[in-house]
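Remarks on the structure that follows.
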Amino acid sequence: MDELKHKILGLLNKQTPKIPSMGFSDANYQFLQPGTLSINSKTVTEVNRPADQDILESIEKAYFSVSEDFDICRFELSKLPEYLDCDDIQRDFKRLKQQHQVVANKVLQLILEQTANCEEEFLRVLEVRDRLAETLASCRVSRRELNVAEHQFSSSLSILANYRKRKLVQNLLNNLNTIKTLHCTGQRLQELLSEENYAGAIELLQECQAAANTYRHFTCVASLTNKLQETLQDTEEKLDKVLAQMCFYFDSVRYAKLQSAYKLLGKTQIAMDHLHMHYSSAIYNTALNIVRVHATSADVHETAADVSERKPYDKLCLRIEEGMFIPCLVELCKSLFKIVLSYHQLRRWHFSLDDSSDDLEDNFNVQYVKQKLESGLMKMWHDVQSKVSVLLLNGNLASYKFDQFVVILGVVHRLMEVGEEFCGSKSDDLQESIRKQSFNYFKNYHVQRLDELRIFLENESWELCPVKATFDVLQLQEFKPLRSILKTYKMKPYANTPDCSSSNNSQDGSSIVGNYFLRYSEHGTPFDRSLDESVVQEDILATGDEGGGYFSDETDDESEELKQDFVDDYDNIQRSSPEKKEKRPSKSPILTNTSLSLLRQIGKYLQMSQLLRPIAFDVIMCMTQLFDFYLYTVHLFFASDLTVASAALYSLKLNGTLKRIADSLILDGESSDFSKIPKPHLSPIVDLNRSDTLHGLSERVAAVESLIFLAKQYEFLQGYLEYLLPPNNKILLQQFFQQTIVASTDLRRPIYMCVAARAFDLRQNLMAMSKINWEVKDVMSQHNSYIDVFLREVQIFRIRLEEISSGIPVSGDVQNLLWESIAHIITHTLVQGFSEAKRCTNGGRALMQLDFTQFLSKFEKISSLRPVPHREYVENYVKAYYLPDSELERWIREHCEYSSKHLYGLVSCACQNNKKTRQKLIQLIEELERSAQR
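Residues in the sequence shown are numbered consecutively from 1, following the UniProt record's numbering.
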């Protein structure tokens, strides 16, 4: 690369203009032998000559020395070896000649390049010389003319001097009068400031300053100028103090005077910047002082000064005791609301001004102020919510009671509503802080409630909790804060928006909502009165029902009755004993003490989810767990003693729901998951084995129907629950309603089947049927005795059912399901008995039909079921005996509802004389059984 560079530089040097050789021509020095060079020659031959740049770079550094003692000849002679060689000398000489030639050419080239610049500089020197000559001539003329004037006008100048002295005296007199006036303005200035006429005071100060600057050359005026400047600074400080007072109470009259004063000072923009700093300081100092007061009371051994010096704001928040936290929070919200209200009124004052002006500076200041006020909204609200958030995050709320915690949620929610009205903010910091505290609180709270529900269920006697026929979930005390919202909300499934157009209630259930800055512009704050009190007053005004719930809307006297977990239609309210039960109207809702307690918990959960949207999903999911556990417990207690096959009794939704609950909520023996709870155990006082009580039918009805009533209450709340959730979290809730809530009704069938299956001695009935001779030749006119046994047991069941219905309302749906279960049990028992017949003739088949027809006619009268369910199940089985062998095979393939044992019995009797066909059909049944098992 270096070689290529040298060649290019050599080529460029060859193309430069040739520089005339200094001295003789090279032709004067010719040698006979080629390659030799004369010592006296000035140039060297061009044969194999290196590039100029390479020659320049090869010159030794010693030749560039500026020292006067440097001797070139001695330097070269010192390099000669001890034994001289002519060729080496010739070569060194050639090298030196080449270097000399290149240096000379380079110097000449540089001289030629700078010739033009030298000529220009010389011309400028000549021009300067000419100007100096002209200046000297002008000075000489001026001196000569001044000498003439001195001799000719000396008398006139004395007159002018006297006139000048007169003017000076007059000016001095005016100055003295002005100075006297300046000294008298101090008193007037103080009067204007005391009258809060800041604009007039500043105008007077500016006039005095202008006059003082004019006469500043006087010593007394100079000191007065400093005094005026100090007065102006004091006035600005006083203006700034009054401006700071606007942060706590906005006075439009005083603020207008302040704006006029700052406009005269030309500091409108600076004043607005200072105002925002004052608001930030006001928020910080207010929060610090309030927390300091409540924190210092926690330690009597430390003074307030010690605490304030050593503890920052967040550390002070940690020192607030449990009993002082809510008062501190409320007082902090009140004080911060006043500051926010002041800012709101100040902003409204500026935006109400007429900003049409021809002055560009005024227009610019107005736009700056409005922009500053708009940008300061979010900043100011961020400061407010950050102070409250720090207080919330440093508070220990885990030990609070639910009512206390709801009060905290209500205060914070009210503050978030203020923020939304103030600047449209969603108060993310506040939501996050209260979300963290609420999530931790609610997680522990929910675990306790689940354990409490388990204890309630294990000690539940499953008796009716007497309530009025007009009982509604909104009548519960826990639903008081939500009654107005839920009543005005369109409770339709999958409703997305509440119909609150006619409601004036806040999201926290109180009557105060919106227009906070208008309603409390003069006095008071939204946090002055208790949220609970406002709810009671609103409920009294909104409701006119009489005697329709746990408490009256006109008085709170019935609230004590509500706390006793039941309300009766009679004046004397007392628990009904198991020995003596009053007959209740069938339209009354069926509730147990546990289900009523669960409804109360739903009200509390709903309050929290409504007040705290960020964890509404978690709260609502926990609310569904309460229902899940109740459903699982009812099934565990009252469906475990089922004595018949249950595959056909459980729907797919019910099976899936029970499995999901068992996997996600129930603690097994090996697991240690604290989020799950152990299986509950049925109370020993509940007896499900007594036949005279239909094996606990009363308890089963109370359990299942109370569960269904709970499901209806959940359905009532479904639309509002979906409204509380964001769209992406509604899927799980909808699945809960579409599967779990729907499956609660399906739980009736297996539980009531337990009663129906145990109401009959199926073993004895089958033994009685096995003794019947079905190989009769003639058709008989009298049915067999086992039918009478069945009918007698059915009559006994009806009598006992009527006795039970006198103590607990058994709805028509429940009674129909019970009779349907009885029909299911008996029809399947008949088929089972018919299938055990070893031999059967045509007369025997006719006897089977006669027995079943007799049973149907009597059973319809007893049960009032028309038609009797499952009758085709028996009729089709008996008619199958009449089918020819070719049709029987098709019938077996089509009727998969019969068991293999039933089909074996059918084939054995129908094909008892055709072994080949019987063997073929048995193989078919075995194939169908194997395919079903796959």
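From the three backbone atoms N, C-alpha and C, an ideal C-beta is built for every residue, glycine too. Everything numeric in this text was worked out from a predicted model, so none of it was measured.
Query: If you draw a straight line from the alpha carbon of Gly524 to that of Tyr284, how long is it in whole angstroms?; Result: 21 Å
Query: Rounded to whole angstroms, what's the CA-CA distance from residue 942 to Leu717? Just pull it up for me.; Result: Outside the displayed span of the chain (1 to 934) sits residue 942, for which this structure offers no information.
Query: Check for me: the alpha helix (DSSP H) holding Asn876 runs from which residue to which?; Result: Arg871 to Lys879
Query: List the whole-angstrom C-beta distance separating Cys840 from Cys909, where the pair is believed to meet the contact cut-off of C-beta under 8 Å.; Result: 4 Å
Query: Among residues of its own chain, excluding the 5 on either side of Leu598, which ones have a beta-carbon nearer than 7 Å to its beta-carbon?; Result: Leu453, Leu626, Tyr630 and Leu710
Query: Report the three-state DSSP secondary structure of Leu667 (helix, strand or coil).; Result: strand
Query: Quick one: what does DSSP say Glu614 is sitting in, helix, strand or coil?; Result: According to the sequence displayed, residue 614 carries Pro and not Glu. Reduced to three states, the DSSP call for Pro614 is helix.
Query: Rounded to the nearest angstrom, what separates Trp891 and Ala880 at their Cα positions?; Result: 8 Å
Query: Tell me which residue opens and which closes the alpha helix (DSSP H) that Phe248 is part of.; Result: Counting along the chain, Phe248 falls outside any alpha helix (DSSP H), and DSSP gives it neither H nor E.
Query: Based on Cα-Cα distance, which residue from Gln475, Lys901, Asp628 and Gly410 lies nearest to Ile741?; Result: Asp628
Query: Here's the rule: buried if 16 or more other CB atoms are within 10 angstroms of the residue's CB, otherwise exposed. What is Asn171?; Result: exposed
Query: Gly410 to Asp403, Cα distance in whole Å?; Result: 10 Å
Query: Any idea if Ile808 is buried or exposed, counting beta-carbon neighbours within 10 angstroms, 16 or more meaning buried?; Result: buried
Query: How about Leu316 and Arg292: do their beta carbons lie closer than 8 Å?; Result: yes
Query: Given this structure, state the Cα-to-Cα distance separating Leu665 from Gly656, to the nearest angstrom.; Result: 14 Å
Query: If you check the beta carbons only, do Trp594 and Glu460 fall under 8 Å apart?; Result: Note that residue 594 is Thr in the sequence shown here, rather than Trp. Result yes, Cβ atoms of Thr594 and Glu460 sit closer than 8 Å.
Query: Look up Ile202 in the DSSP assignment and say whether it is helix, strand or coil.; Result: helix
Query: Return the CA-CA distance between Lys920 and Tyr882, expressed in angstroms with no decimal places.; Result: 18 Å
Query: Would you check if there are 3 or more beta carbon pairs closer than 8 Å linking the region 893-902 to the region 858-878?; Result: yes
Query: Using a beta-carbon distance below 8 Å, is Tyr605 in contact with chain D?; Result: Absent here is chain D; the protein component of the structure consists of one chain.
Query: Could you give the DSSP three-state label for Ile799: helix, strand or coil?; Result: helix
Query: Tell me the DSSP secondary structure of Ile772 in three-state form.; Result: coil
Query: Assuming Leu450 and Pro680 are in contact, meaning their beta carbons sit under 8 Å apart, how far apart are those beta carbons, in whole angstroms?; Result: Actually they are not in contact, since the Cβ atoms of Leu450 and Pro680 sit about 11 Å apart, beyond 8 Å.
Query: So the candidates are Leu747, Glu775 and Glu722; which of them puts its Cα closest to the Cα of Leu652?; Result: Leu747
Query: Determine, using beta carbons only, whether Ile751 and Phe790 come nearer to each other than 8 Å.; Result: no
Query: Tell me, which residues are paired with Pro678 by DSSP?; Result: Leu667
Query: Under three-state DSSP, which class holds Ile320?; Result: coil
Query: Rounded to the nearest angstrom, what separates Phe64 and Arg124 at their Cα positions?; Result: 34 Å
Query: Starting from Asn365, trace the alpha helix (DSSP H) both ways and give me its first and last residue.; Result: Leu360 to Leu393
Query: Count the other C-beta atoms from every protein chain shown that fall within 10 angstroms of the C-beta of His635, then say buried if there are 16 or more, exposed otherwise.; Result: buried
Query: Kindly indicate which three-state DSSP category Asn728 falls into: helix, strand or coil?; Result: helix
Query: What first and last residue would you give for the alpha helix (DSSP H) that runs through Arg49?; Result: Note, Arg49: premise wrong, no alpha helix (DSSP H); not H, not E.
Query: Does the Cβ of Glu705 have 16 or more other Cβ atoms within 10 Å, making it buried, or fewer, making it exposed?; Result: buried
Query: Tell me whether Trp462 sits in a helix, a strand or coil according to DSSP, three-state version.; Result: coil
Query: Within a Cβ cutoff of 6 Å, which residues of the same chain sit near Leu818, ignoring the five residues on either side of it in sequence?; Result: Tyr752
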